[in-house]
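Read in the numbering used here, the sequence shown has 205 at position 15, and its numbers run on one by one without any break.
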Amino acid sequence: MIPKEWIEIVKDGLRYSYAPYSNIKVSALAITPEGKVYRGVNVENASLGLTICAERVAIFNAVSNGERKIKTVVLTSNLDKPIYPCGACLQVMSEFGVEEVIIIHNDQVIKHSLKELFPRPFSDWKNDKSSHLNR
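Structure representation (structure tokens):
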């Protein structure tokens, strides 16, 4: 079970999504080990390669506020099926030590470990400093 507050905050974030091209609205939370909550939404751009996913916005929001460890990512969308993180988001989650990914779809709560979704992340094999290597 996850805190009801997380579900409310992530669902409320959908209204802030900027998705004029796809109309796919996504909201995400980055939760620290101490329970601090940082929200992000997807932001599209006419030059689609400049679009950024909600998960990375949430994590970058946390990092911009001094966080270096994210324990959980929670996400939801306006789609009629559960939405899953893309490979780029999974790689960023790996970098910041995410352990659990929670997908909210209607009243469903779907939990996955990051290792389950992304078993072989890229690592800085020369320096061996990527946080996912220390999990």
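Beta carbons are placed, not taken as given, at the ideal position from N, Cα and C, and that holds for glycine.
Item checked: glutamate 290 versus serine 217 - alpha carbon distance -> Translated into positions along the sequence shown, residue 290 becomes position 100. Translated into positions along the sequence shown, residue 217 becomes position 27. One C-alpha to the other measures close to 16 angstroms.
Check: Rounded C-beta distance between lysine 201 and alanine 209? I'm assuming under 8 angstroms.
Finding: Your numbering for residue 201 matches position 11 in the sequence shown. Your numbering for residue 209 matches position 19 in the sequence shown. Not quite, the Cβ-Cβ distance comes to about 15 angstroms (not below 8 angstroms), so this is no contact.
Margin query: Output needed for glutamate 234: all residues of its chain with C-beta closer than 7 angstroms, excluding positions within five of it in sequence on either side, in chain order.
Written below: Taking the sequence shown and counting its residues from 1, one reaches residue 234 at position 44. Cβ neighbours of glutamate 234 beyond the five flanking positions: Tyr208, Ala209, Pro210, Tyr211, Ser212 and Thr241.
Notebook entry, point to check: Which whole runs of the beta strand (DSSP E) in the segment 244–292 are 3 residues long or more, in chain order?
Noted result: 262–267
Checklist line | Cβ contact check for the segment 220–232 and the segment 268–277: 3 or more pairs under 8 angstroms | finding: no
Item checked: Where lysine 215 falls: helix, strand or coil (DSSP) -> Counted from its first residue, the sequence shown places residue 215 at position 25. Lysine 215 falls in the coil class under three-state DSSP.
Notebook entry, point to check: Just curious, the beta strand (DSSP E) that leucine 300 is in, first and last residue?
Noted result: Numbered from 1 along the sequence shown, position 110 holds the residue referred to as residue 300. Checking the sequence shown, residue 300 turns out to be isoleucine, not leucine. First-last of the beta strand (DSSP E) with isoleucine 300: 298–303.
Check: Run through DSSP, which three-state label would arginine 310 get?
Finding: For this step, residue 310 is matched to residue 120 along the sequence shown. Coil.
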